[in-house]
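>
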Amino acid sequence: MENASKALLMAGGVLLAIMVISLGVLLFTSFGGTSSQIHDNIEENQATQFNSQFSSYVGKNNVTIHDVVSMAKLATQNNQNYEFAHRVPTDVTGNDRYISVLCNNVSIELGYNESQTREQRKSQMETHFNNLIANELSLINANGLPKYNVQVQISDITKRVYKVICDKIT
Numbered sequence: 000m001e002n003a004s005k006a007l008l009m010a011g012g013v014l015l016a017i018m019v020i021s022l023g024v025l026l027f028t029s030f031g032g033t034s035s036q037i038h039d040n041i042e043e044n045q046a047t048q049f050n051s052q053f054s055s056y057v058g059k060n061n062v063t064i065h066d067v068v069s070m071a072k073l074a075t076q077n078n079q080n081y082e083f084a085h086r087v088p089t090d091v092t093g094n095d096r097y098i099s100v101l102c103n104n105v106s107i108e109l110g111y112n113e114s115q116t117r118e119q120r121k122s123q124m125e126t127h128f129n130n131l132i133a134n135e136l137s138l139i140n141a142n143g144l145p146k147y148n149v150q151v152q153i154s155d156i157t158k159r160v161y162k163v164i165c166d167k168i169t
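Here is the structure:
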């Protein structure tokens, strides 16, 4: 009888240990899934916030060259942060985080140039965009500055804007 009671105690101990281990595994998978979901939500919110910097111009009828240059500067800073060299528009696929800005079918964003210092890249960017604005200012007429229609394309892979298309409204 004494052996039987010891066997029952051992069996109860094993069952209790199995229950504790099962509970631990359940909690681990539950919390693991929750943290993954939180991480996905954070990434989605960051992408939405980033995209809004470009998509806020879509559908507006008062977009000027200053707004187009602002979007091109954001794209250039993004491309330089990720050290992407400038690409032709046909090479921009949305598979990575490169952003192309087309103004009247001409790519106006800049890319990363490793042979330049940070100050040289900044100076080149300022000169490039100031020239774009100066050229546009010469087109002022009775209606003021020319206006642009803006469209954005968002990648299915990165969920971020990868192409901004600005066409002059005639």
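The letter at position 2 of the sequence shown is residue 1 when you use numbering that gives the first Met the number 0, and the numbering goes up by one with no holes.
Heads up, the beta-carbon is just placed ideally off N, CA and C, and yes, glycines get one too.
Being a predicted model, the structure only gives us computed values, none of them experimental.
#1: Closest to Ala71 by CA distance: which of Asn60, Asn61, Tyr56 is it?
#2: Which runs of the alpha helix (DSSP H), 4 residues or longer, sit entirely within the region 33-70?
#3: For Ser114, name the three-state secondary structure that DSSP assigns.
#4: At the level of alpha carbons, what is the spacing between Thr92 and Arg120?
#5: What's the C-alpha gap between Val24 and Ala10?
#6: Can you give me the Cβ contacts of Asp155 inside the same chain, cut-off strictly under 8 Å, excluding the 5 residues immediately before and after it?
In short:
#1: Answer by Cα proximity: Tyr56.
#2: Runs found: none.
#3: DSSP places Ser114 in coil when its eight states are reduced to three.
#4: The straight-line gap from Cα to Cα measures roughly 25 Å.
#5: Taking the straight line from one Cα to the other gives about 21 Å.
#6: These residues qualify, in order along the chain: Gly93.
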